[in-house]
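Peer 1: FYI, UniProt numbering numbers position 132 of the sequence shown as 132, with every residue one higher than the one before it.
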Amino acid sequence: MSSIKLRNISKKYKDEKKFAVSNMDAQIENGEIITLLGPSGCGKTTTLRMIAGFEKPQSGSIYFGDEAIVDEDLFIPPQNRGVGMVFQDYALFPHLTVEENIGFGIKKDKDYKDKINKVLYLVKLNGFEKKYPSELSGGQQQRVALARALVRSPKVILFDEPFSNLDTDLRTNMRNEIVSIIRKTKSTAIFVTHDQKEAMAISDRVIVMNNGFVEQIGTPKEIFEKPKNKFVAEFIGFSNIFKGEVNDNVVSSDFGDISIENEENFSKDVQFSIKPSGISIHDEGNLSGIVKSTSYFGDYLEVFISYITKDKEVLDLVCYEDPSKDLKVGDSIRFSIDKNKIVIWKE
Ligand code: ADP
Ligand code: MG
Numbered sequence: 001m002s003s004i005k006l007r008n009i010s011k012k013y014k015d016e017k018k019f020a021v022s023n024m025d026a027q028i029e030n031g032e033i034i035t036l037l038g039p040s041g042c043g044k045t046t047t048l049r050m051i052a053g054f055e056k057p058q059s060g061s062i063y064f065g066d067e068a069i070v071d072e073d074l075f076i077p078p079q080n081r082g083v084g085m086v087f088q089d090y091a092l093f094p095h096l097t098v099e100e101n102i103g104f105g106i107k108k109d110k111d112y113k114d115k116i117n118k119v120l121y122l123v124k125l126n127g128f129e130k131k132y133p134s135e136l137s138g139g140q141q142q143r144v145a146l147a148r149a150l151v152r153s154p155k156v157i158l159f160d161e162p163f164s165n166l167d168t169d170l171r172t173n174m175r176n177e178i179v180s181i182i183r184k185t186k187s188t189a190i191f192v193t194h195d196q197k198e199a200m201a202i203s204d205r206v207i208v209m210n211n212g213f214v215e216q217i218g219t220p221k222e223i224f225e226k227p228k229n230k231f232v233a234e235f236i237g238f239s240n241i242f243k244g245e246v247n248d249n250v251v252s253s254d255f256g257d258i259s260i261e262n263e264e265n266f267s268k269d270v271q272f273s274i275k276p277s278g279i280s281i282h283d284e285g286n287l288s289g290i291v292k293s294t295s296y297f298g299d300y301l302e303v304f305i306s307y308i309t310k311d312k313e314v315l316d317l318v319c320y321e322d323p324s325k326d327l328k329v330g331d332s333i334r335f336s337i338d339k340n341k342i343v344i345w346k347e
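1. Any idea what DSSP makes of residue 35, helix, strand or coil?
2. To the nearest whole angstrom, what separates the beta carbons of residue 202 and residue 35, a pair I think is in contact under 8 Å?
3. Thinking C-beta only, is residue 251 closer than 8 Å to residue 344?
4. Any idea if residue 160 is buried or exposed, counting beta-carbon neighbours within 10 angstroms, 16 or more meaning buried?
5. Using only the alpha-carbon positions, how far apart do residue 14 and residue 48 sit?
6. If you drop the 5 nearest sequence neighbours on each side, which residues of the same chain put their C-beta closer than 6 Å to that of residue 349?
7. With 16 other CB atoms within 10 Å as the buried threshold, where does residue 11 fall?
8. Is residue 161 near the ligand MG, judged by its Cβ being under 7 Å from some heavy atom?
9. Following the continuous beta strand (DSSP E) through residue 295, name the residue where it begins and the one where it ends.
10. Is the CB-CB distance between residue 285 and residue 334 below 8 Å?
11. Using only the alpha-carbon positions, how far apart do residue 25 and residue 44 sit?
12. In terms of DSSP beta bridges, what is residue 124 paired with?
13. Cβ of residue 45 within 7 Å of any heavy atom in the ligand MG?
14. Could you check which residue in 204, 228, 97, 196 has the C-alpha nearest to that of residue 179?
15. With a threshold of 7 Å on Cβ separation, who are the neighbours of residue 228 within its own chain once the five nearest residues in sequence on each side are excluded?
16. For the ligand ADP, is there any heavy atom lying closer than 7 Å to the beta carbon of residue 41?
17. Given a threshold of 16 other Cβ atoms within 10 Å of its Cβ, counted over all protein chains shown, does residue 140 qualify as buried or as exposed?
18. Say whether the segment 277 to 292 touches the segment 313 to 329, bearing in mind that this needs 3 or more beta-carbon pairs closer than 8 Å, one atom from each stretch.
19. Return the chain-ordered list of same chain residues with a C-beta closer than 8 Å to the C-beta of residue 261, the five sequence neighbours on each side being excluded.
20. Residue 256: buried (16+ other C-beta within 10 angstroms of its C-beta) or exposed?
21. Mark residue 240 as exposed unless 16 or more other C-beta atoms lie within 10 angstroms of its C-beta, in which case mark it buried.
22. From what residue to what residue does the alpha helix (DSSP H) around residue 79 run?
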């Protein structure tokens with residue numbers, strides 16, 4: 001187990017104009033589960049591959065604990081880094097049994113059998129040692145891949161989109177199971193995903209990436225409560241994003257003046273998101289609009305509202321309402337905004 005430090009690493013592939021990863025700084029603590037989150041092509045896999053040693057950055061350094069593994073004149077090869085990697089397609093050998101897959105390339109010394117049994121037990125595949133990958137479900141194959149990484153007692157385990165080949169139900173189960181195994185073994189783990197829900201569910205901290213750059217690093221709570229910019233806010237699923245201006249404890253926008261706590265001392269130009277649960281439709285609301293569409297989701301009703309501003313501009317808003325409410329497309333309604341459900345960031 002080891003902490004990992006990425007210091008100002010940049011990577012440009014041969015013949016490419018654009019950097020795949022630019023000036024990336026991050027510190028991952030010993031035993032931490034961290035996730036690289038961002039859209040396809042933002043540099044997540046490249047970052048993992050640099051940590052594993054399959055790619056060499058043009059500049060910057062990487063440390064495992066106090067030990068440099070990449071620096072100006074230093075490049076420790078992958079096999080000497082003590083890194084375990086679990087891929088999306090599991091990368092198992094089809095002609096080898098579960099046991100042989102897990103034991104591939106490790107010394108057949110007197111502890112060999114014990115080591116294999118220990119990880120088989122950990123991933124709950126004891127009894128499956130003589131099976132071939134084709135005889136296993138997707139989830140079981142994934143656990144073999146994890147066991148193969150764990151048997152080497154790696155300093156860090158890297159997971160590249162490990163759940164994307166699994167069905168939704170199995171996915172949730174697998175990720176809970178894998179996270180619990182990682183916690184049990186106190187491993188340092190880095191996951192890659194483009195799925196924000198998944199990232200928030202499994203991680204101690206999340207690194208949000210965009211276009212080769214780090215946009216924000218924080219706990220799921222910090223990222224949800226204080227997204228740094230519009231990219232992060234949109235990527236984690238915020239809607240109802242607008243511009244405004246803050247003066248002291250008031251944010252002024254197309255929705256009029258709304259008093260806020262302003263603990264972060266925002267001033268002047270900001271952007272903000274109104275949470276869908278922060279808009280309530282009721283006759284005493286100070287704002288007026290028209291119901292554009294409704295979708296019933298059992299626990300709540302999703303309502304799209306067209307709001308007409310003072311300047312006769314039409315803004316679309318989404319809100320969550322009590323599903324028993326009788327709202328029809330075209331209804332004129334009044335609504336209000338809960339100031340506690342507004343999230344602000346500097347523009
Ligand atoms: P992600 O995993 O976030 O989808 P990648 O790290 O795979 O992103 O890719 C980052 C950028 O680098 C993309 O623009 C991609 O096209 C480019 N890229 C990735 N691998 C290679 C490669 N082997 N050669 C050239 N360009 C690559
Ligand atoms: Mg990738």
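Yeah, the Cβ is synthetic: ideal placement off N, Cα and C, and Gly gets one too.
Just so we're clear, the structure is a prediction, and the values are computed from it rather than from any experiment.
Peer 2: If we stick to the structure as given:
1. Looking up residue 35 in the sequence shown gives position 35. Residue 35: strand per DSSP, three-state reduction.
2. For this step, residue 202 is matched to residue 202 along the sequence shown. For this step, residue 35 is matched to residue 35 along the sequence shown. With 8 Å as the limit, residue 202 and residue 35 qualify as a contact, their Cβ atoms being about 7 Å apart.
3. Along the sequence shown, read from residue 1 onward, the residue named residue 344 stands at position 344. Along the sequence shown, read from residue 1 onward, the residue named residue 251 stands at position 251. Taking a C-beta distance under 8 Å as the contact criterion, residue 344 and residue 251 qualify as a contact pair.
4. Here residue 160 refers to the residue found at position 160 when the sequence shown is read from its first residue. Buried is the call here.
5. By one-based count along the sequence shown, residue 14 stands at place 14. By one-based count along the sequence shown, residue 48 stands at place 48. Cα to Cα, the separation comes out at about 18 Å.
6. The question about residue 349 has no answer here: the residues shown for the chain are numbered 1 through 347.
7. In the sequence shown, counting from the first residue as 1, residue 11 sits at position 11. Buried, because 16 or more other Cβ atoms sit within 10 Å of the Cβ of residue 11.
8. By 1-based counting over the sequence shown, the position of residue 161 is 161. Yes, since a heavy atom of the ligand MG falls inside the 7 Å radius drawn around the Cβ of residue 161.
9. The sequence position of residue 295 within the sequence shown is 295, counting from 1. Here the beta strand (DSSP E) through residue 295 covers 287 to 296.
10. Stepping through the sequence shown from its first residue, residue 285 is reached at position 285. Stepping through the sequence shown from its first residue, residue 334 is reached at position 334. Cβ distance < 8 Å, so residue 285 and residue 334 count as in contact.
11. Taking the first residue of the sequence shown as 1, we reach residue 25 at position 25. Taking the first residue of the sequence shown as 1, we reach residue 44 at position 44. Between residue 25 and residue 44, the C-alpha separation is close to 13 Å.
12. The sequence position of residue 124 within the sequence shown is 124, counting from 1. Under DSSP, residue 124 forms no beta bridge with any residue.
13. Here the question's residue 45 lines up with position 45 in the sequence shown. Residue 45: yes, Cβ under 7 Å from the ligand MG.
14. On the sequence shown, residue 179 is found 179 positions in, with the first residue counted as 1. Nearest to residue 179 by alpha-carbon distance, out of 204, 228, 97, 196, is 204.
15. For the purposes of this step, residue 228 is taken as the residue at position 228 of the sequence shown. Contacts found: 215, 216, 345.
16. Taking the sequence shown and counting its residues from 1, one reaches residue 41 at position 41. Yes, since a heavy atom of the ligand ADP falls inside the 7 Å radius drawn around the Cβ of residue 41.
17. Along the sequence shown, one-based indexing puts residue 140 at 140. That one is buried.
18. These segments touch.
19. Counted from its first residue, the sequence shown places residue 261 at position 261. Closer than 8 Å at Cβ, skipping near neighbours: 249.
20. In the sequence shown, residue 256 corresponds to position 256, counting from 1. By the neighbour-count rule (16 or more Cβ atoms within 10 Å), residue 256 is not buried but exposed.
21. In the sequence shown, counting from the first residue as 1, residue 240 sits at position 240. Looking at its Cβ environment, which holds 16 or more other Cβ atoms inside 10 Å, residue 240 is buried.
22. Walking along the sequence shown from the start, residue 79 turns up at place 79. Bounds of any alpha helix (DSSP H) do not take in residue 79, whose DSSP letter is neither H nor E.
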